[in-house]
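S.K.: Residue numbers (our numbering): 647 to 824.
Ideal Cβ placement from N, Cα and C applies to all residues, glycine included.
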């Protein structure tokens, strides 16, 4: 049975679900952990999303994280290596075909850390853009319900445009407060 793409209304318990999951993961990582962040659509209040919690981990060393693979597997995470993104470690925790949690981990200083955080924060600060993103996701989910890869590819142009705006926006914030 193929994985079904489902975009559901915002669930106000998603931040608590993130917090409870991170509380289980953090002891495994120990002193290698620099920071943990809730990212993705479930981290944007009010935004409809696939009910998968995305976790961004920033670590000192990827090799030390790789050594944690067996312990993370005991928590239900499948380590998938870089999974197509250089310098990332990706983990998925599933219940059957349903993805519950994704971990995206990077060594501190990796540019994708800011990319993820900027995108999330930009959507929070710009509700009209978040609503445009929501409409896009809902339309793609209805059209490509049994084609997750096509659903994801359909969001790519929008995400890239917003990531560029978000980076410029973030740079403007730094100048204003700095």
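(1) If you drop the 5 nearest sequence neighbours on each side, which residues of the same chain put their C-beta closer than 7 angstroms to that of residue 722?
(2) In whole angstroms, give me the CA-to-CA distance for residue 731 and residue 685.
(3) CA-CA distance, residue 658 and residue 736?
(4) Which residues share a DSSP beta bridge with residue 751?
(5) Within 8 angstroms, do at least three Cβ pairs link the segment 806-816 to the segment 767-778?
(6) Run through the DSSP bridge pairs and tell me what residue 805 is partnered with.
(7) Measuring CB atoms only, is the segment 685-694 touching the segment 713-722, in the sense that at least three cross pairs come out at less than 8 angstroms?
(8) Can you list, in chain order, the residues of its chain with a C-beta nearer than 8 angstroms to that of residue 826? Leave out the 5 residues immediately preceding and following it.
(9) To which residues of the same chain is residue 786 closer than 7 angstroms at the C-beta, ignoring the five residues directly before and after it?
(10) In chain order, what residues of the same chain have a beta carbon less than 7 angstroms from the beta carbon of residue 663, not counting five sequence neighbours either side?
(11) Kindly indicate the opening and closing residues of the alpha helix (DSSP H) around residue 693.
(12) Whose CA, out of 745, 790 and 749, lies closest to the CA of residue 734?
(13) Can you list, in chain order, the residues of its chain with a C-beta nearer than 8 angstroms to that of residue 705? Leave out the 5 residues immediately preceding and following it.
(14) Which value, in whole angstroms, describes the spacing of the CA atoms of residue 775 and residue 673?
(15) In the DSSP assignment, find the unbroken alpha helix (DSSP H) run with residue 685 in it and report its ends.
(16) Jot down the residue ranges of each uninterrupted beta strand (DSSP E) in the segment 741-785, minimum 3 residues, whole runs only, in chain order.
(17) For residue 682, is the classification buried or exposed, using 16 other Cβ atoms within 10 angstroms of its Cβ as the cut-off for buried?
M.R.: Based on what the coordinates show:
(1) 739
(2) 17 angstroms
(3) 25 angstroms
(4) 703 and 735
(5) yes
(6) Beta-bridge pairing links residue 805 to no other residue.
(7) no
(8) No answer is possible for residue 826: it lies beyond the span of the chain, which begins at 647 and ends at 824.
(9) 797, 800 and 801
(10) 699
(11) Here residue 693 belongs to no alpha helix (DSSP H), and DSSP marks it neither H nor E.
(12) 749
(13) 675, 678, 679, 680, 711, 751, 752, 753 and 754
(14) 36 angstroms
(15) Counting along the chain, residue 685 falls outside any alpha helix (DSSP H), though it belongs to the beta strand (DSSP E) covering 679-685.
(16) 744-753
(17) buried
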